[in-house]
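Student: Shown below is the structure under consideration.
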Amino acid sequence: MTKTGSRIGPKTWLLIAALISFGISLFEKRIDPYFHDIIISIGINIILGVGLNLVNGYTGQFSLGHAGFMAVGAYVFAAITAFIGPGAIAALGGGTLAGLSLYVVALLAGGLGAGLVGLMVGVPSLRLKGDYLAIVTLGFGEIIRVVIQNADAIGGPRGFSVTHLLGAYFFPTFLCAALCVYVVVLLVHSTYGRGFLTVADDEVAAEAMGINTTKYKVIAFVIAAFFAGIAGGLYTNFKEYIHPEGFNFLRSVDIVVIVILGGMGNTPGVIAAAVLLTILPEGLRYVAGWDFLSPQMQQIAGNRMLLYSILLIILMLTRPQGLFTRRSRLRKSL
Amino acid sequence: MDNLLQQLINGLSLGSIYALIALGYTMVYGVLRFINFAHGEVYMVGAYIGFSIAPRIQESIYRIFGEPADLYTFHWSTTLGALLVLVGAMIFCAALGVLIEWLVYRPLRSRPRLTVLITAIGVSILLQNIVLTHYGATPQYFPEILPDHAIEGMGNVIITMNQIVIFAVTLLLLLTLHFVVMKTRIGTAMRALSFNPTAASLMGINISVVISFTFAIGSALAAAAGILQAIYNPSIDPLMGILPGIKAFVAAVLGGIGNIPGAAIGGFVIGILETMVVGYISPMYRDAIAFAVLILILLFKPTGLFGRTEREKV
Amino acid sequence: MKKLLEIDQCTVQFGGLKAVSDLDFSIHENELIGLIGPNGAGKTTVFNLITGVYRPTTGDIRFEGASVVGRPPYRITARGIARTFQNIRLFSSMTVFDNVRAACNMHLHHGISHALWRGAAFEREEKEVNRTVSELLEIFHLQHLREAPSTGLPYGDQRRLEIVRALATRPKLLLLDEPAAGMNPTEKDELMRLIRFTQEKFGLAVLLVEHDMKVVMGICQRIAVLDYGIKIAEGTPQEVRSNPKVIEAYLGDTDA
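Chains as they are written, first to last, in my numbering: chain W, 2 to 335; chain R, 254 to 567; chain C, 16 to 271.
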């Protein structure tokens with residue numbers, strides 16, 4: 002599929018997206034905190050979903066431990082903020098520029114740390130296929146969580162509180178989201194990037210056509226982990242409190258559901274799914290408050306995971322290609 | 254030496270639970286080449302079913318046989334009651350397993366395994382949350398249906414009545430399973446199916462019946478594990494199936510997934526390993542040890558101790 | 016003629032079964048060789064052996080003088096060996112064009128950073144790839160189907176596409192695994208012309224596994240015959256056709 006026609010190149014689109022985010026962010030303080038929270042969460046979920054889509058969707062490797070990489074990024078960011086933060090800012094002369102620089106450094110460090118962990122996890126794991134890969138990535142995700150839970154210096158089972166390094170949330174979040182989409186889409190649509198799809202379609206044939214399937218799997222894995230780490234840092238700066246239980250298997254399942262709902266290998270679909278699934282719990286919470294429903298119904302509406310699981314099962318039975326993908330584009334691996 | 258023996262005994266009781274659950278994983282994988290992610294939840298449901306029916310059964314037993322003189326020794330009546338609870342839970346879960354297979358997995362049989370895996374995750378979460386909605390998130394206290402105390406005269410080593418019960422029931426179930434798989438027609442059909450589904454169906458084996466049967470047995474065993482666990486450690490909660498489920502899965506992989514004796518052996522090994530690690534190294538790594546074993550196996554010997562390699566036809 | 020591929024005393028053993036025993040076999044530049052034998056003789060095993068999917072239990076395989084044993088398949092492709100598959104293995108989620116384009120990956124100079132920055136070098140190389148792919152598709156009359164999903168093509172076109180895809184890797188040796196399977200006589204004639212044309216135009220050596228004797232005898236310069244993993248005959252089509260051992264292998268022992 003060769004992109005032709007549009008005279009606005011991808012880099013220009015990225016710039017436009019950045020400018021629009023910046024423009025909106027100027028009004029950030031005026032937005033109702035409740036909606037603000039949801040919007041930032043949408044941005045973070047977009048990064049997580051689009052990143053994982055590269056691995057699960059385009060490359061066809063089933064990773065169930067994505068929350069672990071988010072955790073790495075979150076805790077690296079938190080650690081830098083808490084331990085190096087005050088000193089570094091003072092050393093840089095204080096003021097907003099210092100804070101901003103440290104923020105960028107901490108965010109990148111989180112991403113790179115997560116990417117590194119992704120490499121360490123990916124290289125041994127990606128030799129495995131299907132079910133086994135899923136279980137192993139789940140295992141690694143849990144190991145990461147357990148390690149954090151037992152590390153007292155960063156709060157352990159009590160969680161970790163930090164103060165935000167940067168008071169702006171909208172712009173960094175959506176700039177990173179735009180970058181994530183840019184990277185994934187551009188990569189996949191290049192000739193180099195077609196290699197990812199071959200791995201998903203038929204590894205044996207891919208190898209026979211000269212494609213180093215292991216390399217592609219690891220690269221997809223590391224890139225996704227990097228962005229998950231960035232998402233973790235953004236999350237930490239925003240929420241100012243992180244806890245190992247927030248990055249457990251269920252969180253990984255959340256992200257996987259976003260990718261499946263959006264359609265594996267369908268980036269716009271995944272973005273739409275991220276928006277939908279961030280808003281859904283809020284909608285459900287609203288419905289759970291409707292007094293004219295029986296307490297039973299209210300309870301069911303309030304149990305997000307119950308509805309999620311039913312949704313997942315129905316989706317897999319009826320429309321495994323997701324909500325936003327045409328049946329014809331259903332790939333062999335699903 | 255006494256300490257080692259103690260750890261072994263405790264490890265074996267833990268291992269018995271894992272073995273019973275692992276058998277379900279391995280049998281389903283054997284006939285369907287599919288990891289039933291929701292299997293750990295069947296174990297949990299078994300415990301809750303026991304929790305539901307135990308009071309009523311106990312009541313009926315008391316009415317028919319009168320209350321036992323003491324709760325210290327075994328009486329026929331209480332043993333019968335406990336047996337009914339066990340069997341009741343096993344039957345319910347066998348039906349549940351068959352229902353899940355029929356409703357959810359069967360329609361997806363021709364689909365790629367990834368789809369089914371995701372669906373199984375959905376079923377697992379669904380079961381957890383149905384129980385959560387019905388019984389609440391706070392742990393419930395499983396009633397004492399059997400007397401429990403330490404056996405005298407073993408020196409410094411402590412074996413409790415509950416552990417004896419676990420060993421006895423597990424042994425009985427393993428022997429029964431062995432008999433069924435090796436000596437009965439349907440057991441042979443199961444084995445045939447695990448070797449070659451096409452040939453099996455061509456030989457006149459009704460695949461659907463065999464698959465349902467496999468799910469039924471596996472789920473019944475998991476339910477038994479749930480009851481035994483609930484007797485041993487009376488606190489039950491909706492999420493109690495997650496970790497044992499994963500550990501039992503690791504046990505099945507360790508033994509060679511698809512290999513029935515392997516799963517049982519794997520279960521005991523993991524149980525003993527976990528107990529030893531907690532006893533001699535640190536309780537902190539209790540859960541991590543199973544994951545570590547899993548990663549090591551999958552990286553170095555994915556076929557496990559007794560499993561078969563399967564080559565992809567190019 | 017220079018020796019391109021040399022299989023040297025190779026045995027492939029799976030547990031107790033010897034799929035291929037002590038095979039000695041060579042292919043020279045620009046040769047069109049056939050590999051035949053009854054079902055289960057080990058022909059596809061030989062393919063998998065050459066392309067690195069299987070490792071020989073004993074023996075060596077040399078391509079252009081250098082051993083390829085133990086090399087992963089994608090490296091062997093890089094050396095210049097490409098193949099098609101008995102059961103068509105196209106990239107099902109991609110278009111006809113992209114199937115061929117994906118196979119150009121091996122010869123790319125650009126990597127991730129170029130794909131992301133999209134500078135002049137990247138654009139140039141992408142244009143080059145486009146041109147190469149279009150040309151190949153044009154030669155094989157698939158250019159008009161370039162945007163079609165690869166799995167939507169009629170069977171004969173799919174087989175042709177698999178060959179085009181293999182050619183995109185710029186091989187020196189092309190392995191064709193039962194390319195005539197499922198074709199009617201007209202299509203088979205066309206295929207024979209296509210293989211001869213491909214070989215001449217691209218200066219390749221071709222190793223053909225095929226069951227259809229008309230095709231094999233019709234285009235191959237030399238034929239090797241396998242039975243139960245052992246090479247029982249080798250020679251020109253006439254020699255092989257009249258070889259008693261070959262006849263026995265296919266038709267069974269007439270004395271029985």
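Just so you know, even glycine gets a beta-carbon here, dropped at the ideal spot from N, CA and C. Remember, it's a predicted structure, so these values are computed and weren't measured experimentally.
List the residues of chain C that residue 260 of chain W touches, going by C-beta distances under 9 Å, in chain order.
Tutor: By one-based count along the first sequence, residue 260 of chain W stands at place 259. The contacting residues do not exist; residue 260 of chain W stays about 16 Å from chain C at best.
Student: Tell me the DSSP bridge mates of residue 29 of chain C?
Tutor: To locate residue 29 of chain C, count along the third sequence from 1; it is residue 14. According to DSSP, which records beta bridges pairwise, residue 29 of chain C is partnered with C:32.
Student: Per DSSP, which one or two residues make a beta bridge with residue 488 of chain R?
Tutor: Locating residue 488 of chain R in the second sequence gives position 235, counting from the first residue. In the DSSP output, where bridge partners are listed per residue, residue 488 of chain R has R:394.
Student: Counting only C-beta atoms, is residue 489 of chain R closer than 8 Å to chain W at any point?
Tutor: Along the second sequence, one-based indexing puts residue 489 of chain R at 236. Answer no: the Cβ-Cβ gap between residue 489 of chain R and chain W never drops below 8 Å.
Student: Roughly how many angstroms separate the alpha carbons of residue 62 of chain C and residue 96 of chain C, rounded to a whole number?
Tutor: The sequence position of residue 62 of chain C within the third sequence is 47, counting from 1. The sequence position of residue 96 of chain C within the third sequence is 81, counting from 1. Spanning the two alpha carbons is a distance of roughly 10 Å.
Student: Can you tell me whether residue 126 of chain C is buried or exposed, with buried defined as 16 or more other CB within 10 angstroms of its CB?
Tutor: Translated into positions along the third sequence, residue 126 of chain C becomes position 111. Exposed is the call here.
Student: Is it buried or exposed, residue 210 of chain W, if we count other Cβ atoms within 10 angstroms and call 16 or more buried?
Tutor: In the first sequence, residue 210 of chain W corresponds to position 209, counting from 1. The residue in question, residue 210 of chain W, is buried, as its Cβ has 16 or more Cβ neighbours within 10 Å.
Student: Extract the residue ranges of the alpha helix (DSSP H) inside the segment 268-331 of chain W, only unbroken runs of 4 or more that lie entirely within it.
Tutor: Runs found: 268-289, 296-303 and 305-319.
Student: Verify whether the separation of the beta carbon atoms of residue 372 of chain R and residue 314 of chain W is less than 8 Å.
Tutor: To locate residue 372 of chain R, count along the second sequence from 1; it is residue 119. To locate residue 314 of chain W, count along the first sequence from 1; it is residue 313. Cβ atoms of residue 372 of chain R and residue 314 of chain W: closer than 8 Å.
Student: Could you check if residue 462 of chain R is buried or exposed, using at least 16 other CB atoms within 10 Å of its CB as the buried criterion?
Tutor: For this step, residue 462 of chain R is matched to residue 209 along the second sequence. Exposed, since its Cβ has fewer than 16 Cβ neighbours within 10 Å.
Student: Taking residue 569 of chain R as part of the alpha helix (DSSP H), name the residues at either end of that continuous run.
Tutor: No answer is possible for residue 569 of chain R: the residues shown for chain R start at 254 and end at 567.
Student: Among C:79, C:22 and C:123, which residue has its Cα nearest to the Cα of residue 196 of chain W?
Tutor: The residue labelled residue 196 of chain W in the question sits at position 195 within the first sequence. Nearest C-alpha to residue 196 of chain W: C:123.
Student: If contact means a Cβ-Cβ distance below 8 Å, which residues of the segment 184-214 of chain W contact chain C?
Tutor: Listed in sequence order: 184, 187, 188, 191, 192, 193, 194, 195, 196, 198, 199, 201, 202, 203, 205, 206, 207, 208, 209, 210, 211, 212, 213 and 214.
Student: Going along the segment 306-321 of chain W in order, which residues come within less than 9 Å of chain R, judged by CB to CB distance?
Tutor: Per Cβ criterion, the list reads 306, 307, 308, 309, 310, 311, 312, 313, 314, 315, 316, 317, 318 and 321.
Student: Per DSSP, residue 191 of chain C is paired with what?
Tutor: As a first step, residue 191 of chain C is located in the third sequence; it is residue number 176 there, counting from the start. Beta-bridge pairing links residue 191 of chain C to C:223.
Student: If you reduce the DSSP assignment to three classes, tell me which class residue 377 of chain R lands in.
Tutor: The residue labelled residue 377 of chain R in the question sits at position 124 within the second sequence. Residue state, collapsed to three classes: helix.
Student: What does the alpha-carbon distance come out to for the pair residue 360 of chain R and residue 244 of chain W?
Tutor: If you number the second sequence from 1, residue 360 of chain R lands on position 107. If you number the first sequence from 1, residue 244 of chain W lands on position 243. The straight-line gap from Cα to Cα measures roughly 39 Å.
Student: Give a yes or no on whether the minimum CB-CB distance between residue 409 of chain R and chain W is below 8 Å.
Tutor: Position 156 of the second sequence, counted from the start, is the residue given in the question as residue 409 of chain R. Residue 409 of chain R does not count as touching chain W.
Student: Considering Cα atoms alone, identify which of W:135, W:316, W:278 and W:292 is closest to residue 289 of chain R.
Tutor: The residue you call residue 289 of chain R lines up with position 36 of the second sequence. The option with the nearest alpha carbon to residue 289 of chain R is W:135.
Student: Using the rule of at least 16 other Cβ atoms within 10 Å of the residue's Cβ for burial, across every protein chain shown, is residue 204 of chain W buried or exposed?
Tutor: One-based indexing of the first sequence puts residue 204 of chain W at position 203. Buried, since its Cβ has 16 or more Cβ neighbours within 10 Å.
Student: What do you get for residue 216 of chain C, buried or exposed, if any count of 16 or more other CB atoms within 10 angstroms of its CB means buried?
Tutor: Taking the first residue of the third sequence as 1, we reach residue 216 of chain C at position 201. Exposed, because fewer than 16 other Cβ atoms sit within 10 Å of the Cβ of residue 216 of chain C.
Student: What did DSSP end up calling residue 24 of chain C once you bin it into helix, strand or coil?
Tutor: On the third sequence, position 9 is the one that residue 24 of chain C refers to. If DSSP states are grouped into helix, strand and coil, residue 24 of chain C belongs with the strands.
Student: Can you look up residue 31 of chain W in the DSSP assignment and give me helix, strand or coil?
Tutor: Your numbering for residue 31 of chain W matches position 30 in the first sequence. Looking at residue 31 of chain W - three-state DSSP - the assignment turns out to be helix.
Student: Can you find the residues in the same chain that come closer than 6 Å, C-beta to C-beta, to residue 23 of chain C, ignoring five residues on each side of it along the sequence?
Tutor: Counted from its first residue, the third sequence places residue 23 of chain C at position 8. These residues qualify, in order along the chain: 74 and 75.
Student: For residue 271 of chain C, does the count of other Cβ atoms within 10 angstroms reach 16, so buried, or fall short, so exposed?
Tutor: As a working mapping, residue 271 of chain C is identified with position 256 in the third sequence. Interpretation of residue 271 of chain C is limited by its pLDDT of 43, a score under 50 that renders its predicted location unreliable; no figure is taken from the coordinates.
Student: Cutting at 6 Å between CB atoms, please list the residues of its own chain near residue 244 of chain C, excluding the five before and the five after it.
Tutor: For the purposes of this step, residue 244 of chain C is identified with residue 229 of the third sequence, where counting begins at 1. Only 33, 34, 35, 36 and 57 meet the Cβ criterion.
Student: With residue 220 of chain C and residue 19 of chain C assumed to form a contact (beta carbons below 8 Å), what rounded beta-carbon distance in angstroms separates them?
Tutor: The sequence position of residue 220 of chain C within the third sequence is 205, counting from 1. The sequence position of residue 19 of chain C within the third sequence is 4, counting from 1. That belief holds up - the Cβ atoms of residue 220 of chain C and residue 19 of chain C are roughly 5 Å apart, short of 8 Å.
Student: Please report whether the beta-carbon of residue 468 of chain R lies at a distance below 8 Å from any beta-carbon of chain W.
Tutor: The residue labelled residue 468 of chain R in the question sits at position 215 within the second sequence. Taking Cβ atoms only, chain W never reaches closer than 8 Å to residue 468 of chain R, which makes this a no.
Student: Using 10 angstroms around the beta-carbon of residue 255 of chain R, count the other beta-carbons present and answer buried if the total reaches 16, otherwise exposed.
Tutor: Against the second sequence, residue 255 of chain R aligns to sequence position 2. Classification of residue 255 of chain R: exposed, given that the 10 Å Cβ count is below 16.
Student: On the three-state DSSP scale, how would you describe residue 3 of chain W?
Tutor: Taking the first residue of the first sequence as 1, we reach residue 3 of chain W at position 2. Bear in mind that the predicted position of residue 3 of chain W carries a pLDDT of just 41, short of 50, making it unreliable; the figure below should be weighed with that in mind. Coil.
Student: Could you tell me if residue 120 of chain C is buried or exposed, where buried requires 16 or more neighbouring beta carbons within 10 angstroms of its beta carbon?
Tutor: Locating residue 120 of chain C in the third sequence gives position 105, counting from the first residue. Per the 10 Å Cβ criterion, buried.
Student: Buried or exposed, going by whether 16 or more other CB atoms sit within 10 Å of the CB of residue 327 of chain W?
Tutor: Mapped onto the first sequence, residue 327 of chain W falls at position 326. With fewer than 16 other Cβ atoms within 10 Å, it is exposed.
Student: Using the Cα positions of residue 66 of chain W and residue 541 of chain R, report the straight-line distance between them to the nearest angstrom.
Tutor: Here residue 66 of chain W is taken as the residue at index 65 of the first sequence, counted from 1. Here residue 541 of chain R is taken as the residue at index 288 of the second sequence, counted from 1. One C-alpha to the other measures close to 15 Å.
Student: Across the segment 259-270 of chain W and the segment 280-287 of chain W, are there enough close Cβ pairs to call them in contact, namely three or more that are closer than 8 Å?
Tutor: The segment 259-270 of chain W, when compared against the segment 280-287 of chain W, does not touch it at the 8 Å Cβ threshold.
Student: Tell me, please, whether the CB atom of residue 254 of chain W is closer than 8 Å to any CB atom in chain R?
Tutor: In the first sequence, counting from the first residue as 1, residue 254 of chain W sits at position 253. Cβ-Cβ to chain R under 8 Å: yes for residue 254 of chain W.
Student: Distance, Cα to Cα, residue 169 of chain C vs residue 218 of chain C?
Tutor: Stepping through the third sequence from its first residue, residue 169 of chain C is reached at position 154. Stepping through the third sequence from its first residue, residue 218 of chain C is reached at position 203. Their Cα atoms are separated by approximately 28 Å.
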